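Contents: one structure, followed by commentary.
Residue numbers (UniProt numbering): 1 to 413.
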């Protein structure tokens with residue numbers, strides 16, 4: 001620390017008073033007299049032979065005594081100058097260095113610059129599908145966010161206002177996805193020491209509530225889907241085979257449409273690039289039969305290859321829309337087939353860890369969102385448990401014999 005540092009502290013404190021030091025400094029040859037105040041050691045008034053009077057502050061910094069001018073007595077009152085001196089001395093004693101602080105701030109990039117740095121370093125590690133989606137949200141909602149702000153100036157209120165704007169203009173889902181991208185970026189800012197640890201402004205931004213999807217196919221609905229698939233199998237053999245595999249395996253759409261022959265190993269699929277990384281899909285006999293019946297093109301690595309387009313098939317959603325309508329299932333999405341697979345597994349007493357393994361979930365909490373039980377199975381379970389308890393109690397007390405309402409109508413909440 002030096003006199004320049006002390007002058008920086010004085011300038012900041014004067015700025016808080018909306019005042020600036022004015023007047024010429026005394027030259028080396030100008031006669032002067034300094035009167036120090038007893039109330040505040042280090043604060044004094046310097047009188048020059050010309051009649052000019054200034055307030056000064058003197059502090060010991062880094063082992064040396066530094067003296068700087070606070071301001072001209074024509075501009076500052078004695079009380080104002082003393083108040084500035086008190087704060088200057090306190091900051092000097094704590095070792096604060098505003099010059100170093102400004103230098104540190106200059107090292108913090110702007111939001112726009114850091115977004116580019118983050119994208120250049122992190123985006124190459126994303127999957128192609130993730131990059132495609134993130135690039136869209138970046139262009140539409142991230143590039144022009146927080147303009148003019150440095151990264152360490154962005155606070156929770158800025159993020160909340162931005163999140164609300166996206167919710168109103170782009171929808172709740174878009175706002176949630178953008179919030180996830182921004183949160184990950186600020187996590188990296190902390191990891192790279194650009195922002196202090198624990199300062200992520202996205203931390204307490206509450207996501208919009210998503211649509212809870214309880215839709216899964218019953219046994220009768222699966223039967224209707226099977227009948228419709230049989231009717232269209234001849235006209236659309238590859239598409240129908242892909243949809244059948246989605247039903248029988250619970251795989252994600254991209255895992256089936258992007259399936260390669262090298263990943264097919266008997267009764268297993270060794271997926272190398274699923275959403276959660278490499279994973280194994282175990283095939284039921286029906287699923288294995290469908291796969292092994294498909295034509296295999298020489299030198300073609302994809303299982304569902306369309307010779308007409310020279311690309312893997314990706315448009316099974318169009319056929320599914322037609323099939324579901326014929327089966328009387330309007331609104332059922334392709335992803336609901338995966339949901340139905342999990343629900344049927346849960347209804348037949350498979351454990352959540354097992355269901356998670358079948359679906360390739362990295363987190364068991366994700367599995368709980370899929371593992372809904374059909375109401376019919378819940379009622380049957382309640383009936384079995386109730387019958388068992390009633391049977392055990394029948395020796396001394398019968399619920400059926402001792403209720404007033406056994407012949408009355410059922411009451412529902």
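Beta carbons: idealized from backbone N, C-alpha and C, even for Gly. Please read all numbers here as calculations on a predicted model, not as lab measurements.
ask   = Which full runs of the alpha helix (DSSP H) of 4+ residues lie inside the region 246-306, going along the chain?
value = The region 246-306 is shown to contain whole alpha helix (DSSP H) runs of 4 or more residues at 253-257 and 285-292, in chain order.
inquiry  = Tell me the rounded alpha-carbon separation between residue 223 and residue 243.
reply    = Each residue's Cα considered, the two are about 14 Å apart.
request  = Following the continuous beta strand (DSSP E) through residue 33, name the residue where it begins and the one where it ends.
outcome  = 32-36
inquiry  = Below 8 Å, how does it come out for the region 69-79 and the region 47-61: are there three or more Cβ pairs, yes or no?
reply    = yes
inquiry  = For the structure I just gave you, are there three or more beta carbon pairs, one from the region 235-242 and one from the region 304-320, closer than 8 Å?
reply    = yes
key: Per DSSP, cross-strand counterpart(s) of residue 60   = 65
key: Identity of the residues DSSP links to residue 45 by a beta bridge   = 35 and 55
task = Give me the Cα-Cα distance between residue 45 and residue 94, rounded to the nearest whole angstrom.
result = 24 Å
inquiry  = Quick check: what's the CA-CA separation for residue 181 versus residue 142?
reply    = 9 Å
query = Is residue 71 helix, strand or coil when you go by DSSP?
reply = strand
ask   = Smallest Cα separation from residue 204: which of 301, 124 and 158?
value = 158
query = DSSP state of residue 216, grouped into three classes?
reply = In the three-state DSSP reduction, residue 216 falls in the coil class, being neither helix nor strand.
query = Does the beta-carbon distance from residue 216 to residue 200 come in below 7 Å?
reply = no
Residue 327 versus 218, 258, 293 and 357, residue with shortest Cα-Cα distance = 218
Environment of residue 335 [buried if 16+ CB atoms lie within 10 Å] = exposed
ask   = Just reading off the alpha helix (DSSP H) that residue 81 is part of, what are its end residues?
value = 78-93
query = In three-state terms, what does DSSP make of residue 201?
reply = Looking at residue 201 - three-state DSSP - the assignment turns out to be coil, as it is neither helix nor strand.
Residue interval of the alpha helix (DSSP H) (run including residue 317) = 316-326
request  = Could you pull out every residue in the same chain whose Cβ sits closer than 7 Å to the Cβ of residue 130, ignoring the five residues on either side in sequence?
outcome  = Non-local beta-carbon contacts of residue 130 in its own chain, meaning distances under 7 Å to residues more than five positions away in sequence, are absent.
ask   = If you compare alpha carbons, which of 119, 195, 324 and 285 is closest to residue 135?
value = Closest option to residue 135, Cα to Cα, is 119.
ask   = If we count the other Cβ atoms within 10 Å of its Cβ and call it buried at 16 or more, is residue 132 buried or exposed?
value = Residue 132 counts as exposed, since fewer than 16 other beta carbons sit within 10 angstroms of its beta carbon.
query = Are there 16 or more other CB atoms within 10 angstroms of the CB of residue 297, so buried, or fewer, so exposed?
reply = exposed
request  = For residue 344, count neighbouring Cβ atoms within 10 angstroms of its own Cβ and tell me buried if that reaches 16, exposed if not.
outcome  = buried
query = When we look at the beta-carbon of residue 253 and count the other beta-carbons within 10 Å, is it buried (16 or more) or exposed?
reply = Buried is the label assigned to residue 253, since at least 16 other Cβ atoms lie within 10 Å of its Cβ.
query = In this structure, does DSSP put residue 110 in helix, strand or coil?
reply = strand
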